[in-house]
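*Asks:* Encoded as structure tokens, here's the structure I'll be asking about.
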Amino acid sequence: MKLLYFASLREGLGVESEEVKLPATSVKGLMATLAARGGVWQEQFDGCKQIRAAVNQVLVADGAPIQADDEVAFFPPVTGG
Amino acid sequence: MKLLYFASLREGLGVESEEVKLPATSVKGLMATLAARGGVWQEQFDGCKQIRAAVNQVLVADGAPIQADDEVAFFPPVTGG
Amino acid sequence: MTVCIQTQDFDAGAEISALRLARSDIGAVTSFIGQMRDMNDGSVVSTMTLEHYPGMTEKALQDIESQAKARWDIFDTLIIHRIGTLKPTDQIVLVVVTSAHRGEAFAACEFIMDYLKTSAPFWKKEATPQGERWVEAKVSDDEAQARWKV
Amino acid sequence: MTVCIQTQDFDAGAEISALRLARSDIGAVTSFIGQMRDMNDGSVVSTMTLEHYPGMTEKALQDIESQAKARWDIFDTLIIHRIGTLKPTDQIVLVVVTSAHRGEAFAACEFIMDYLKTSAPFWKKEATPQGERWVEAKVSDDEAQARWKV
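And the structure:
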């Protein structure tokens, strides 16, 4: 599973991307796993901050499923245009 | 009173503009006066064709008053843009 | 708040640039170009001639701009409308609106076009293989204007 | 149906001309330019840096164009969005839509901007006298998108 972080979330975590070995889960499940790392991870993924997720480059809701080889991106609400 | 005619109405009447001596009236009253000229005037102003009026270069409704020295224009619904 | 009635063509890009660079607090620039189609009401159209009511046209367009300005939080507006004889793909009209935010800019630009279509004294005559004909006003234009009534 | 993500500036006039001259049955061309303001949330902003998600950005914008095309009777669309560092009055985004009629062109252009604002993965960071800060998403942008739901 490839994980990507953007904008303020990337800065808050100090990580841009990582490869992780995790079983199939959901967006919500993956966020809980990341929050459980503690420190800045808990701070960013504790559910208080608005975080959007994209699975294989498509915006999805929190309940969306994630397969072991998916590309998953987390980021704050977008502000383009 | 200065009278102006535009577009298909101008072509139908064969007149572009004229100066007439008429007492104060209303748009509806003036149209009846013009229709009473008969021929193409009756044809154009008999009420069957949609005709718009402007008094002193401002679009007005049929009931609008007209003074003796006003500029009054008659024309079909506009089609610009 | 500018209105131009002219026979010559206009450079839409240059006009838009001039308006958008006039202030550094502009965030949104909407524009509309109306251009001549080669078909109308099922007939090929080779040329179109625009007649207008000099004097009233300028007043009507300035009044439409004033209404837009009173109604939305916009910075500036431009309307250029051509008269005379045009051919397919020729530009007929340009409307540009600048604002801090896009919602106001979009609404004001569409409002100006809808009002122009029903209250600015222009008339189009088309040349078709069957001869010349005056373009008829559309009920849909009246309906488009009516949407803006409070 | 074109999408460009680029650091360099664009010539809005040339892009609009290219789209509007592509067909002789076009009657309406709407366009939107988003540009950088020198103030935001009460603070002077000297520069703005746009980050995006390469790969997803292109997909998201193409998807927005497809939705617009499915929904309205339009001929063509163009979206150009810049990334990198910009200064006040710099152009950020251009959207152009061509159609036979203005109602469709206006609606599709505004729809594209509203969807872009809430679903294309761009993020803005502003440099202010108080330091750098990420621009916060606006509730009004979510509301603007929600209007288009059936």
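Protein sequence lines, in the order shown, are assigned to chains A, B, C and D.
58 is the number that our numbering gives to position 58 of the first sequence; each next residue is one higher, with no gaps.
1024 is the number that our numbering gives to position 24 of the second sequence; each next residue is one higher, with no gaps.
2115 is the number that our numbering gives to position 115 of the third sequence; each next residue is one higher, with no gaps.
3050 is the number that our numbering gives to position 50 of the fourth sequence; each next residue is one higher, with no gaps.
From the three backbone atoms N, C-alpha and C, an ideal C-beta is built for every residue, glycine too.
The structure displayed is predicted, hence computed values, not measured ones.
1) First and last residue of the beta strand (DSSP E) that includes B:D1070?
2) Starting from the Cα of C:H2052, find the closest Cα among C:Q2130, C:S2119, C:E2143 and C:R2133 and give me that residue.
3) Taking 8 Å as the CB-CB cut-off, is D:F3122 touching chain A?
4) Using a Cβ cut-off of 8 Å (strictly closer), state whether B:F1006 contacts chain C.
5) With a CB to CB cut of under 7 Å and the five nearest residues on each side skipped, what residues in its chain are close to A:V20?
6) Would B:T1047 be called buried (16 or more neighbouring beta carbons within 10 Å of its own) or exposed?
7) Looking at chain E, is there any beta carbon in it that lies within less than 8 Å of the beta carbon of C:E2132?
8) Which bits of chain C does B:G1081 rub up against, with CB to CB less than 8 Å?
9) Which of the three DSSP states, helix, strand or coil, is assigned to D:L3021?
10) Hey, which unbroken runs of the beta strand (DSSP E) at 3 residues or more fall wholly within the stretch 3044 to 3090 of chain D?
11) Write down the C-beta distance between C:I2005 and C:L2094 rounded to the nearest angstrom, noting that I regard them as a contact closer than 8 Å.
12) Compile a chain-ordered list of the residues in the stretch 1060 to 1077 of chain B whose CB is closer than 9 Å to at least one CB of chain C.
13) Quick one: what's C:D2111 bridged to in DSSP?
14) Can you have a look at C:V2096 and say buried or exposed, based on whether 16 or more other CB atoms are within 10 angstroms of its CB?
15) Please list, in chain order, all residues of the same chain as A:A35 whose beta carbon is under 7 Å from its beta carbon, the five residues on each side excluded.
16) Rank C:A2028, C:D2141, C:R2133 and C:D2038 by C-alpha distance to the C-alpha of B:E1011 and give the top, closest one.
17) In the DSSP assignment, the alpha helix (DSSP H) including B:R1010 goes from what residue to what residue?
18) List, in order along the chain, the chain C residues whose C-beta lies closer than 7 Å to that of B:Q1057?
19) Taking the alpha carbon of B:Q1067 as the reference point, which residue from B:R1052, B:P1077, B:N1056 and B:A1007 has its own alpha carbon closest?
20) Please name the residue, chosen from D:K3138, D:Q3130, D:D3038 and D:K3124, that lies closest to C:G2027 on a Cα-to-Cα basis.
21) In chain D, what lies closer than 8 Å to A:A54 by C-beta?
22) Short check: CB of D:K3124 to CB of D:V3139, under 8 Å?
23) Whole angstroms are fine: how far does the CA of D:L3021 sit from the CA of D:A3014?
24) Would you decide whether D:T3085 is buried or exposed? Buried here means 16 or more other CB atoms lie within 10 Å of its CB.
25) Would you call the CB atoms of C:M2056 and B:A1073 closer than 8 Å?
26) Please report how far the alpha carbon of C:R2082 lies from the alpha carbon of B:G1080, in whole angstroms.
27) If you scan the stretch 2100 to 2148 of chain C from start to end, which runs of the alpha helix (DSSP H) of 4 or more residues do you find wholly inside it?
28) I need the straight-line Cα distance from C:F2122 to C:T2128, nearest angstrom please.
29) Within 8 Å (strictly less), CB to CB, does C:R2071 reach chain D?
30) Based on the DSSP secondary-structure assignment, which residues constitute the bridge partners of D:M3039?
31) Taking only beta-carbon positions, decide if C:S2196 is within less than 8 Å of chain D.
32) Run through the DSSP bridge pairs and tell me what D:V3029 is partnered with.
33) Against D:F3106, what residues of chain C qualify as contacts under a CB-to-CB distance less than 9 Å, listed in chain order?
34) For D:P3129, which residues in chain C fall below 9 Å Cβ to Cβ?
35) Would you give the residue range spanned by the alpha helix (DSSP H) that A:A32 belongs to?
36) For C:E2015, which residues does DSSP report across the bridge?
*Replies:* Looking at the coordinates:
1) Taking the first residue of the second sequence as 1, we reach residue 1070 of chain B at position 70. Here B:D1070 belongs to no beta strand (DSSP E), and DSSP marks it neither H nor E.
2) Along the third sequence, one-based indexing puts residue 2052 of chain C at 52. Looking at the Cα atoms, C:S2119 is the closest of the given residues.
3) For the purposes of this step, residue 3122 of chain D is identified with residue 122 of the fourth sequence, where counting begins at 1. Interface flag for D:F3122 against chain A is set, since a Cβ pair is found closer than 8 Å.
4) By one-based count along the second sequence, residue 1006 of chain B stands at place 6. Chain C contact via Cβ: present.
5) For the purposes of this step, residue 20 of chain A is taken as residue 20 along the first sequence, with counting starting at 1. Cβ neighbours of A:V20 beyond the five flanking positions: M1 and L3.
6) Position 47 of the second sequence, counting from 1, holds the residue named residue 1047 of chain B. Checking the displayed sequence, the identity of residue 1047 of chain B turns out to be Gly instead of Thr. In this structure B:G1047 is exposed. Its beta-carbon is surrounded by fewer than 16 other beta-carbon atoms within 10 angstroms.
7) Of the protein chains in this structure, namely A, B, C and D, none is chain E.
8) By one-based count along the second sequence, residue 1081 of chain B stands at place 81. Here the neighbours are G2034, H2081, I2092, V2093, M2113, L2116, K2117, A2120 and F2122.
9) Taking the fourth sequence and counting its residues from 1, one reaches residue 3021 of chain D at position 21. In the structure shown, the three-state DSSP call for D:L3021 is coil.
10) DSSP runs (the beta strand (DSSP E)) wholly in the stretch 3044 to 3090 of chain D: 3047 to 3052, 3074 to 3082 and 3084 to 3086.
11) As a position in the third sequence, residue 2005 of chain C is number 5, starting the count at 1. As a position in the third sequence, residue 2094 of chain C is number 94, starting the count at 1. Contact between C:I2005 and C:L2094 does not hold, since the beta-carbon distance rounds to 12 Å and is not under 8 Å.
12) Using a CB distance below 9 Å, the part of the stretch 1060 to 1077 of chain B facing chain C consists of E1071, A1073, F1075, P1076 and P1077, ordered along the chain.
13) The sequence position of residue 2111 of chain C within the third sequence is 111, counting from 1. Here residue 2111 of chain C turns out to be Phe, not Asp, going by the sequence shown. The beta-bridge partner set that DSSP reports for C:F2111 is empty.
14) For the purposes of this step, residue 2096 of chain C is identified with residue 96 of the third sequence, where counting begins at 1. The residue in question, C:V2096, is buried, as its Cβ has 16 or more Cβ neighbours within 10 Å.
15) As a working mapping, residue 35 of chain A is identified with position 35 in the first sequence. Once the five neighbours on either side are set aside, the close Cβ partners of A:A35 are W41, Q42, F45 and D46.
16) To locate residue 1011 of chain B, count along the second sequence from 1; it is residue 11. With distances taken between Cα atoms, B:E1011 lies closest to C:R2133.
17) Indexing the second sequence from 1 puts residue 1010 of chain B at position 10. Where B:R1010 is concerned, the enclosing alpha helix (DSSP H) stretches over A1007 to L1013.
18) Against the second sequence, residue 1057 of chain B aligns to sequence position 57. Neighbours of B:Q1057 in chain C, taken as residues at a C-beta separation under 7 Å, are given in chain order as G2055, M2056 and K2059.
19) Taking the first residue of the second sequence as 1, we reach residue 1067 of chain B at position 67. Looking at the Cα atoms, B:N1056 is the closest of the given residues.
20) Within the third sequence, numbered from 1, the residue matching residue 2027 of chain C stands at position 27. Ranking D:K3138, D:Q3130, D:D3038 and D:K3124 by Cα distance to C:G2027 puts D:D3038 first.
21) Here residue 54 of chain A refers to the residue found at position 54 when the first sequence is read from its first residue. Under the 8 Å cutoff, chain D gives Y3053, M3056 and P3121.
22) Walking along the fourth sequence from the start, residue 3124 of chain D turns up at place 124. Walking along the fourth sequence from the start, residue 3139 of chain D turns up at place 139. Not closer than 8 Å, so no.
23) As a first step, residue 3014 of chain D must be located in the fourth sequence, where it is residue number 14. As a first step, residue 3021 of chain D must be located in the fourth sequence, where it is residue number 21. One Cα belongs to D:A3014, the other to D:L3021, and the distance between them is close to 11 Å.
24) Against the fourth sequence, residue 3085 of chain D aligns to sequence position 85. The residue is exposed, with fewer than 16 neighbouring Cβ atoms inside 10 Å.
25) Looking up residue 2056 of chain C in the third sequence gives position 56. Looking up residue 1073 of chain B in the second sequence gives position 73. Contact flag set, yes.
26) Reading the third sequence from its first residue, position 82 is the one you call residue 2082 of chain C. Reading the second sequence from its first residue, position 80 is the one you call residue 1080 of chain B. Between C:R2082 and B:G1080, the C-alpha separation is close to 9 Å.
27) DSSP runs (the alpha helix (DSSP H)) wholly in the stretch 2100 to 2148 of chain C: 2102 to 2119 and 2139 to 2146.
28) Residue numbering aside, residue 2122 of chain C sits at position 122 when the third sequence is read from its first letter. Residue numbering aside, residue 2128 of chain C sits at position 128 when the third sequence is read from its first letter. Cα to Cα, C:F2122 sits roughly 20 Å from C:T2128.
29) Taking the first residue of the third sequence as 1, we reach residue 2071 of chain C at position 71. Nearest CB-CB separation between C:R2071 and chain D: not below the 8 Å threshold.
30) Residue mapping note: residue 3039 of chain D aligns to position 39 of the fourth sequence, counting from 1. D:M3039 pairs with D:V3044.
31) For residue 2196 of chain C there is no data in the structure shown, the boundaries of chain C being 2001 and 2150.
32) The count along the fourth sequence starts at 1 and reaches residue 3029 of chain D at position 29. D:V3029 is bridged to C:I2033 and D:T3098.
33) Residue numbering aside, residue 3106 of chain D sits at position 106 when the fourth sequence is read from its first letter. Those within 9 Å of D:F3106 in chain C are T2030, F2032, F2106, C2109, E2110 and M2113.
34) As a working mapping, residue 3129 of chain D is identified with position 129 in the fourth sequence. By Cβ distance, chain C contributes nothing, its closest Cβ being about 16 Å from D:P3129, past 9 Å.
35) By one-based count along the first sequence, residue 32 of chain A stands at place 32. First-last of the alpha helix (DSSP H) with A:A32: V27 to A35.
36) In the third sequence, the residue the question calls residue 2015 of chain C occupies position 15. C:E2015 is not bridged to any residue.
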